[in-house]
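Residue numbers (UniProt numbering): 1 to 209. Don't be surprised by glycine CBs; every beta carbon is placed ideally from N, CA and C. Computed from a predicted structure; not experimentally measured.
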């Protein structure tokens, strides 16, 4: 019997190639920009064939969306949006706030945000694709968590989606804007903790019954 049977999707070797493609794509998109990144270049950087890239991601837009989702998933895994029983609501929110702050202030995320802003001015439809691939998923997870917080009577949240938007806007705040325009560096050390503590405090006071 031949030992050269093809390896199907989902097997270890296949998953390793997918991860290599995503890592190569993230690096190239952020360094070269979207328009200047080709599927050929991604294949070469990942050490796989162009056919392999297309077998995992049907086109460049799909690959870019997957790279965005992978970036978000690294910092904010879905489990962070589950509410552990017996934990104070402030502690749950602080855990999410710290993860989100780390995500938006990372060099990778800053470059990605700037890239999306540039692409959005060229093609508004691309901004929608990015939003659905990344931020919308994060908002959905937070919306679900806050709905549970309301049901437990921990906070009074009539509109969980709107509250989720309020939460992340508080975390981003002025520091993220200054970072994106190159006016100031990312918060570090005690600055980060002071910022997330203040933002979560404002949020909890706004929705406390």
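### Message
Suppose the cutoff is 7 Å on Cβ atoms and the five residues either side in sequence are ignored; what does the same chain contact list for residue 86 look like?
### Response
none
### Query
How long is the line joining the alpha carbons of residue 70 and residue 112, rounded to whole angstroms?
12 Å
### Task
Could you name the residues of the same chain whose beta carbon sits closer than 7 Å to that of residue 61, not counting the 5 residues immediately before and after it, in chain order?
129
### Classification of residue 187 by the beta-carbon crowding that lies within 10 angstroms, buried from 16 upward
buried
### Query
residue 34 by DSSP, collapsed to three states: which one?
coil
### Task
State the DSSP-derived secondary structure class of residue 224, mapped to helix, strand or coil.
This structure leaves residue 224 out entirely; the chain is present only between 1 and 209.
### Task
Work out the CA separation of residue 198 and residue 32 for me, nearest whole Å.
37 Å
### Query
By how many angstroms is the C-alpha of residue 49 removed from the C-alpha of residue 196?
44 Å
### Query
What are the complete alpha helix (DSSP H) segments, minimum 4 residues, inside the segment 173–208?
DSSP runs (the alpha helix (DSSP H)) wholly in the segment 173–208: 190–207.
### Query
Straight-line CA distance for residue 109 to residue 80?
The alpha-carbon of residue 109 is positioned some 19 Å away from that of residue 80.
### Task
Return yes when the Cβ of residue 133 is within less than 8 Å of the Cβ of residue 68, no when it is not.
yes
### Query
Count the other CB atoms within 10 Å of the CB of residue 212; is the residue buried (16 or more) or exposed (fewer)?
There is simply no residue 212 to check, as the chain begins at 1 and stops at 209 in what is shown.
### Message
Going by DSSP, what residue range makes up the alpha helix (DSSP H) through residue 135?
### Response
Residue 135 -> alpha helix (DSSP H) spans 135–151.
### Task
Find out if the Cβ-Cβ distance for the pair residue 52, residue 26 is shorter than 8 Å.
Not in contact: residue 52 and residue 26 (Cβ atoms no closer than 8 Å).
### Task
Could you tell me if residue 169 is buried or exposed, where buried requires 16 or more neighbouring beta carbons within 10 angstroms of its beta carbon?
exposed
### Task
Check whether the Cβ of residue 88 lies closer than 8 Å to any Cβ atom in chain B.
Of the protein chains in the structure, only one exists, and it is not chain B.
### Task
List the endpoints of the continuous alpha helix (DSSP H) containing residue 48.
Run containing residue 48: none; DSSP gives neither H nor E here.
### Query
Helix, strand or coil: which one does DSSP assign to residue 157?
It is coil, neither helix nor strand.
### Message
Excluding the 5 residues flanking residue 194 on each side, which residues of the same chain have their C-beta closer than 8 Å to its C-beta?
### Response
Excluding residues within five positions, none has a Cβ falling inside 8 Å.
### Message
Only counting the same chain, and skipping five residues up and downstream in sequence, which positions put a Cβ closer than 7 Å to that of residue 107?
### Response
none
### Residue span of the alpha helix (DSSP H) that contains residue 64, given as start and end
Element bounds for residue 64: 60–75.
#### Entry: CB-CB length for residue 119 against residue 34, believed under 8 Å
6 Å
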